[in-house]
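Residue numbers (our numbering): 7 to 171.
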(Lines of atoms letter the chains of each structure in order from A and count residues from 1; the text may use other names and numbers.)
(Lines give C-alpha, C1' and ligand atoms only; values in the text may rest on other atoms or scores of the structure.)
Protein backbone atom coordinates (compact mmCIF):
# COMPACT_ATOMS: atom_id res chain seq x y z
CA UNK A 1 0.00 0.00 0.00
CA UNK A 2 2.82 2.45 0.89
CA UNK A 3 4.54 1.70 -2.41
CA UNK A 4 1.34 2.56 -4.29
CA UNK A 5 0.96 5.88 -2.39
CA UNK A 6 4.62 6.79 -3.02
CA UNK A 7 4.12 6.15 -6.73
CA UNK A 8 1.03 8.40 -6.76
CA UNK A 9 2.88 11.20 -4.96
CA UNK A 10 5.83 10.93 -7.37
CA UNK A 11 3.44 11.03 -10.33
CA UNK A 12 1.67 14.11 -8.94
CA UNK A 13 4.96 15.92 -8.36
CA UNK A 14 6.16 15.08 -11.86
CA UNK A 15 2.91 16.36 -13.37
CA UNK A 16 3.35 19.67 -11.55
CA UNK A 17 6.85 20.17 -12.95
CA UNK A 18 7.28 23.13 -15.31
CA UNK A 19 6.95 22.43 -19.04
CA UNK A 20 10.03 22.68 -21.27
CA UNK A 21 10.90 26.21 -22.46
CA UNK A 22 10.05 25.61 -26.12
CA UNK A 23 6.54 24.49 -25.18
CA UNK A 24 5.79 27.39 -22.81
CA UNK A 25 3.17 29.93 -23.75
CA UNK A 26 3.59 33.47 -22.45
CA UNK A 27 0.45 35.56 -21.94
CA UNK A 28 -0.10 38.45 -24.30
CA UNK A 29 -1.47 36.79 -27.42
CA UNK A 30 -5.25 37.22 -27.61
CA UNK A 31 -5.62 34.76 -30.49
CA UNK A 32 -4.06 33.25 -33.60
CA UNK A 33 -6.42 31.98 -36.30
CA UNK A 34 -4.59 30.02 -39.03
CA UNK A 35 -6.44 29.80 -42.33
CA UNK A 36 -5.75 28.91 -45.99
CA UNK A 37 -6.80 31.78 -48.29
CA UNK A 38 -7.11 31.96 -52.09
CA UNK A 39 -6.43 35.04 -54.22
CA UNK A 40 -10.19 35.78 -54.29
CA UNK A 41 -10.51 35.35 -50.50
CA UNK A 42 -7.87 38.01 -49.85
CA UNK A 43 -9.23 40.58 -52.35
CA UNK A 44 -11.33 43.46 -51.03
CA UNK A 45 -14.31 45.06 -52.76
CA UNK A 46 -12.59 48.48 -52.68
CA UNK A 47 -9.88 47.15 -55.00
CA UNK A 48 -12.42 47.02 -57.83
CA UNK A 49 -12.64 50.83 -57.61
CA UNK A 50 -9.14 51.90 -56.59
CA UNK A 51 -7.07 49.29 -58.47
CA UNK A 52 -4.63 49.03 -55.57
CA UNK A 53 -4.55 46.76 -52.59
CA UNK A 54 -5.70 48.17 -49.26
CA UNK A 55 -5.50 46.44 -45.88
CA UNK A 56 -8.05 48.44 -43.92
CA UNK A 57 -7.26 48.29 -40.21
CA UNK A 58 -4.90 45.30 -40.52
CA UNK A 59 -1.14 45.12 -40.91
CA UNK A 60 -0.36 42.46 -43.51
CA UNK A 61 2.96 40.64 -43.85
CA UNK A 62 3.65 38.18 -46.66
CA UNK A 63 6.67 35.98 -47.23
CA UNK A 64 6.41 36.73 -50.97
CA UNK A 65 5.18 40.32 -51.18
CA UNK A 66 3.12 40.29 -54.37
CA UNK A 67 1.67 36.79 -53.97
CA UNK A 68 -1.65 36.87 -52.17
CA UNK A 69 -2.89 33.27 -52.02
CA UNK A 70 -1.42 31.27 -49.16
CA UNK A 71 -1.64 30.14 -45.56
CA UNK A 72 -2.35 33.03 -43.16
CA UNK A 73 -2.13 33.53 -39.41
CA UNK A 74 -4.57 36.19 -38.16
CA UNK A 75 -3.01 37.39 -34.91
CA UNK A 76 -4.11 39.81 -32.19
CA UNK A 77 -2.01 40.71 -29.16
CA UNK A 78 -3.38 41.69 -25.73
CA UNK A 79 -0.51 44.13 -25.32
CA UNK A 80 1.09 46.92 -27.30
CA UNK A 81 4.33 45.64 -28.89
CA UNK A 82 7.36 47.45 -27.45
CA UNK A 83 9.50 49.73 -29.63
CA UNK A 84 11.66 47.68 -32.00
CA UNK A 85 9.65 44.48 -31.44
CA UNK A 86 9.39 41.71 -34.01
CA UNK A 87 6.84 39.00 -34.66
CA UNK A 88 8.43 35.58 -35.10
CA UNK A 89 6.47 32.85 -36.85
CA UNK A 90 7.88 29.33 -36.70
CA UNK A 91 6.30 26.60 -38.82
CA UNK A 92 6.95 22.86 -38.96
CA UNK A 93 6.19 21.65 -42.50
CA UNK A 94 6.88 17.93 -42.25
CA UNK A 95 7.29 15.54 -39.38
CA UNK A 96 11.08 15.17 -39.47
CA UNK A 97 11.93 18.75 -40.48
CA UNK A 98 13.11 21.51 -38.14
CA UNK A 99 10.88 24.60 -37.87
CA UNK A 100 11.16 27.31 -40.51
CA UNK A 101 11.44 30.79 -39.01
CA UNK A 102 9.97 34.02 -40.41
CA UNK A 103 10.56 37.41 -38.74
CA UNK A 104 8.49 40.57 -39.27
CA UNK A 105 9.08 44.06 -37.79
CA UNK A 106 6.21 45.71 -35.93
CA UNK A 107 6.95 49.24 -37.12
CA UNK A 108 3.34 49.54 -38.30
CA UNK A 109 0.51 48.86 -35.86
CA UNK A 110 -3.04 47.62 -36.55
CA UNK A 111 -5.73 50.22 -36.06
CA UNK A 112 -7.85 50.03 -32.92
CA UNK A 113 -10.25 48.30 -32.18
CA UNK A 114 -10.47 45.46 -34.72
CA UNK A 115 -7.16 45.59 -36.59
CA UNK A 116 -4.87 42.58 -36.41
CA UNK A 117 -1.53 41.36 -37.70
CA UNK A 118 -2.07 39.13 -40.73
CA UNK A 119 0.98 36.97 -41.41
CA UNK A 120 0.89 35.12 -44.72
CA UNK A 121 3.01 32.28 -45.96
CA UNK A 122 2.71 33.05 -49.67
CA UNK A 123 4.52 32.02 -52.83
CA UNK A 124 6.62 28.86 -52.45
CA UNK A 125 6.28 29.03 -48.64
CA UNK A 126 2.50 28.48 -48.95
CA UNK A 127 2.84 24.91 -50.18
CA UNK A 128 0.15 23.36 -52.33
CA UNK A 129 -3.54 24.17 -51.93
CA UNK A 130 -4.12 21.34 -49.41
CA UNK A 131 -1.01 21.90 -47.27
CA UNK A 132 -1.39 22.86 -43.61
CA UNK A 133 1.48 23.13 -41.12
CA UNK A 134 1.99 20.26 -38.71
CA UNK A 135 2.74 22.74 -35.91
CA UNK A 136 3.37 26.47 -35.49
CA UNK A 137 4.39 29.05 -32.90
CA UNK A 138 3.87 32.84 -32.95
CA UNK A 139 6.03 34.95 -30.63
CA UNK A 140 6.41 38.65 -29.97
CA UNK A 141 10.09 39.43 -29.32
CA UNK A 142 11.44 42.76 -28.03
CA UNK A 143 14.46 44.62 -29.47
CA UNK A 144 16.85 42.73 -27.14
CA UNK A 145 15.54 39.33 -28.25
CA UNK A 146 13.47 38.56 -25.14
CA UNK A 147 10.16 36.81 -25.83
CA UNK A 148 7.35 39.08 -24.59
CA UNK A 149 4.35 36.96 -25.63
CA UNK A 150 4.02 33.56 -27.26
CA UNK A 151 1.46 30.96 -28.23
CA UNK A 152 1.62 27.78 -30.26
CA UNK A 153 -0.45 25.06 -31.85
CA UNK A 154 -1.36 21.90 -30.00
CA UNK A 155 1.40 19.83 -31.61
CA UNK A 156 4.23 22.35 -31.08
CA UNK A 157 7.39 20.84 -29.58
CA UNK A 158 9.80 18.05 -30.26
CA UNK A 159 10.57 14.68 -28.70
CA UNK A 160 13.44 16.28 -26.77
CA UNK A 161 10.94 18.67 -25.16
CA UNK A 162 9.28 15.68 -23.54
CA UNK A 163 12.46 14.35 -21.95
CA UNK A 164 12.72 15.34 -18.30
CA UNK A 165 15.60 17.79 -17.83
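Where is the CB? At the ideal position from N, CA and C, for every residue including glycine.
Does the contact criterion of 3 or more C-beta pairs under 8 Å hold for the segment 103-121 versus the segment 70-79?
no
Let's see if you can read the secondary structure: which residues bound the beta strand (DSSP E) around residue 157?
Taking the first residue of the chain shown as position 1, residue 157 is located at position 151. Run containing residue 157: 153-158, per the beta strand (DSSP E) assignment.
Give the single residue among 145, 153, 100 whose Cα lies nearest to the Cα of residue 137.
Along the chain shown, read from residue 1 onward, the residue named residue 137 stands at position 131. For the residues 145, 153, 100, the minimum Cα distance to residue 137 belongs to 100.
Using CA atoms only, rank isn't needed, just tell me which of 63, 87, 69 is closest to residue 34.
Taking the first residue of the chain shown as position 1, residue 34 is located at position 28. Nearest option by C-alpha distance: 87.
Secondary structure at residue 133, three-state DSSP: helix, strand or coil?
The residue given as residue 133 occupies position 127 in the chain shown. It is coil, neither helix nor strand.
Would you give the residue range spanned by the beta strand (DSSP E) that residue 125 belongs to?
Within the chain shown, residue 125 is the residue found at index 119, counting from 1. Counting along the chain, the beta strand (DSSP E) containing residue 125 begins and ends at 123-128.
Over the uninterrupted beta strand (DSSP E) stretch that includes residue 40, give me the two end residues.
Taking the first residue of the chain shown as 1, we reach residue 40 at position 34. Element bounds for residue 40: 35-43.
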